[in-house]
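*Asks:* Attaching a single structure in structure tokens format; questions to follow.
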Amino acid sequence: MRTKLVAANWKMNGSFKLLDETLNVLSPLMERASCEVVICPPDVLLYSMKSAVEGTRIAVGAQNVHSEISGAFTGETSAPLLQECGVQWCIVGHSERRILFGETDEFIRSKTETLLKHGIRPILCVGETLEQRKSGNHEEMVIAQLGKGLSGLAVDDQNRCVVAYEPIWAIGTGKTATPEQANSMHKIVRKELESLASPEVAGKMQILYGGSVNAENADTILSQSEIDGALVGGASLKIDAFPLIVAAGN
Ligand code: 13P
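So the number in our numbering is just where the residue sits in the sequence shown, counting from 1, plus 6.
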């Protein structure tokens with residue numbers, strides 16, 4: 007039985023105030039929650055979050071990392087520094103990074119390896135565009151991203167990775183994949199994990215769904231057999247919505 011994981015991706019949003027408010031609401035809820043929760047705010051909030059979540063079951067997550075551990079990479083953040091900020095999880099391969107910042111599968115793979123070396127668990131995002139889905143290439147696309155992201159890693163490392171299936175056409179659009187579409191892609195992801203890793207790794211790995219998850223649809227999405235959690239963007243910034251999504255993960 008896989009524990010559900012609800013992850014908040016704040017993207018370039020939020021504030022110290024929102025972090026305070028969110029933790030104040032979530033901390034008591036987490037005392038009786040069965041799911042895991044991770045919040046990925048912008049980097050400048052990470053260090054404050056580290057002390058604010060002490061003694062709670064809320065984990066600190068980052069949205070990005072560089073593959074190198076130091077150097078002349080203006081504006082980037084290293085894995086060792088994330089580690090110092092108490093970061094336990096980090097998103098890699100988000101479609102916004104792939105599309106807006108030109109990140110390739112190779113770069114994403116090297117970030118994943120760097121994170122693993124520094125004890126940070128990667129949340130590897132995969133997902134197709136609307137055109138790829140319309141032309142029937144969506145499965146092939148997602149399988150390729152998975153292979154480049156995870157094949158050949160040591161089993162212990164694969165066991166520390168989580169996959170987030172985020173169809174690009176569902177991100178920030180209000181259009182979610184139907185629970186059936188999401189569940190069926192998750193089955194394909196798991197089957198692929200069986201061959202690129204092993205049935206044991208595939209059976210244990212949490213596969214999250216992301217794309218317009220909100221307080222209204224979270225129950226249905228999270229009750230699908232192959233969906234082990236959610237990666238939530240817009241609704242994770244809403245203090246009246248995110249706790250309901252976390253509750254749906256219990
Ligand atoms: P939305 O929940 O706003 O659609 O964003 C999803 C996402 O990109 C999470 O990483």
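All C-beta atoms in this analysis are idealised placements derived from N, C-alpha and C, irrespective of residue type, glycine included.
What is the rounded straight-line gap between the Cα of P86 and the Cα of V93?
*Replies:* In the sequence shown, residue 86 corresponds to position 80, counting from 1. In the sequence shown, residue 93 corresponds to position 87, counting from 1. Distance between the alpha carbons of P86 and V93 is about 10 Å.
*Asks:* Mind checking whether the beta-carbon of A170 lies closer than 8 Å to any heavy atom of the ligand 13P?
*Replies:* Counting from 1 along the sequence shown, the entry for residue 170 is found at position 164. Yes, since a heavy atom of the ligand 13P falls inside the 8 Å radius drawn around the Cβ of A170.
*Asks:* Less than 8 Å between C-beta atoms, sequence neighbours within five positions excluded: which residues of the same chain meet that for A65?
*Replies:* For this step, residue 65 is matched to residue 59 along the sequence shown. Around A65: E42, V43, V44, I45, V59, Q94, W95.
*Asks:* By DSSP, does L11 sit in helix, in strand, or in coil?
*Replies:* Here residue 11 refers to the residue found at position 5 when the sequence shown is read from its first residue. It is a strand residue.
*Asks:* My parser needs the beta strand (DSSP E) runs of 3 or more residues fully inside the stretch 137 to 217; what are they?
*Replies:* Runs of the beta strand (DSSP E) inside the stretch 137 to 217: 168 to 171, 213 to 216.
*Asks:* Closer than 8 Å: is that where the CB of T179 sits relative to any heavy atom of the ligand 13P?
*Replies:* For the purposes of this step, residue 179 is taken as residue 173 along the sequence shown, with counting starting at 1. It does: the Cβ of T179 is within 8 Å (strictly closer) of some heavy atom of the ligand 13P.
*Asks:* Within 10 angstroms of its Cβ, does A78 collect 16 or more other Cβ (buried), or is it exposed?
*Replies:* Counting from 1 along the sequence shown, the entry for residue 78 is found at position 72. Its Cβ having fewer than 16 others within 10 Å, A78 is exposed.
*Asks:* For the putative contact between V195 and L152, defined by C-beta atoms under 8 Å, what is the C-beta separation to the nearest angstrom?
*Replies:* Counted from its first residue, the sequence shown places residue 195 at position 189. Counted from its first residue, the sequence shown places residue 152 at position 146. Indeed, because the Cβ distance is near 6 Å, the residues count as touching under 8 Å.
*Asks:* Are V71 and I129 touching if we call contact CB-CB under 9 Å?
*Replies:* What you label residue 71 is simply residue 65 of the sequence shown in a count that begins at 1. What you label residue 129 is simply residue 123 of the sequence shown in a count that begins at 1. Not closer than 9 Å, so no.
*Asks:* Starting from E42 and walking both ways along the beta strand (DSSP E), at which residues does that stretch end?
*Replies:* For this step, residue 42 is matched to residue 36 along the sequence shown. Taken as a continuous stretch (DSSP letters only), the beta strand (DSSP E) holding E42 covers 42 to 46.
*Asks:* Can you name, in chain order, every residue of its own chain whose Cβ lies under 7 Å from the Cβ of H124, other than the five neighbours on each side?
*Replies:* For the purposes of this step, residue 124 is identified with residue 118 of the sequence shown, where counting begins at 1. Answer for H124: A85, P86, Q89, listed in chain order.
*Asks:* Kindly identify the DSSP beta-bridge partner or partners of S20.
*Replies:* Walking along the sequence shown from the start, residue 20 turns up at place 14. Per the sequence shown, the amino acid found at residue 20 is Gly instead of Ser. Looking at the DSSP assignment, G20 forms no beta bridge with any residue, so it has no partner.
*Asks:* Could you check which residue in T179, E172, I114 has the C-alpha nearest to that of A188?
*Replies:* The count along the sequence shown starts at 1 and reaches residue 188 at position 182. The residue with the shortest Cα to Cα distance from A188 is E172.
*Asks:* What are the boundary residues of the beta strand (DSSP E) that L130 is part of?
*Replies:* The residue you call residue 130 lines up with position 124 of the sequence shown. Unbroken beta strand (DSSP E) run through L130: 127 to 132.
*Asks:* What do you reckon, are the CB atoms on M191 and R8 nearer than 9 Å?
*Replies:* In the sequence shown, counting from the first residue as 1, residue 191 sits at position 185. In the sequence shown, counting from the first residue as 1, residue 8 sits at position 2. It is not a contact, given that the beta carbons lie outside the stated cut-off.
*Asks:* For P48 and E200, I'd like the C-alpha separation in whole angstroms.
*Replies:* On the sequence shown, position 42 is the one that residue 48 refers to. On the sequence shown, position 194 is the one that residue 200 refers to. One C-alpha to the other measures close to 34 Å.
*Asks:* Measure the alpha-carbon distance for Q138 versus E146 and round it to whole angstroms.
*Replies:* Within the sequence shown, residue 138 is the residue found at index 132, counting from 1. Within the sequence shown, residue 146 is the residue found at index 140, counting from 1. Cα to Cα, Q138 sits roughly 9 Å from E146.
*Asks:* Return helix, strand or coil for A68, following the three-state DSSP convention.
*Replies:* Working through the sequence shown from its first residue, we reach residue 68 at position 62. Looking at A68 - three-state DSSP - the assignment turns out to be strand.
*Asks:* Taking the straight line between their C-alpha atoms, what separation do you get for A208 and G81?
*Replies:* Within the sequence shown, residue 208 is the residue found at index 202, counting from 1. Within the sequence shown, residue 81 is the residue found at index 75, counting from 1. Approximately 36 Å, taken between the alpha carbons.
*Asks:* My output table needs one value for I97: the three-state DSSP class, helix, strand or coil.
*Replies:* Stepping through the sequence shown from its first residue, residue 97 is reached at position 91. The answer is strand: DSSP assigns I97 an E or B state.
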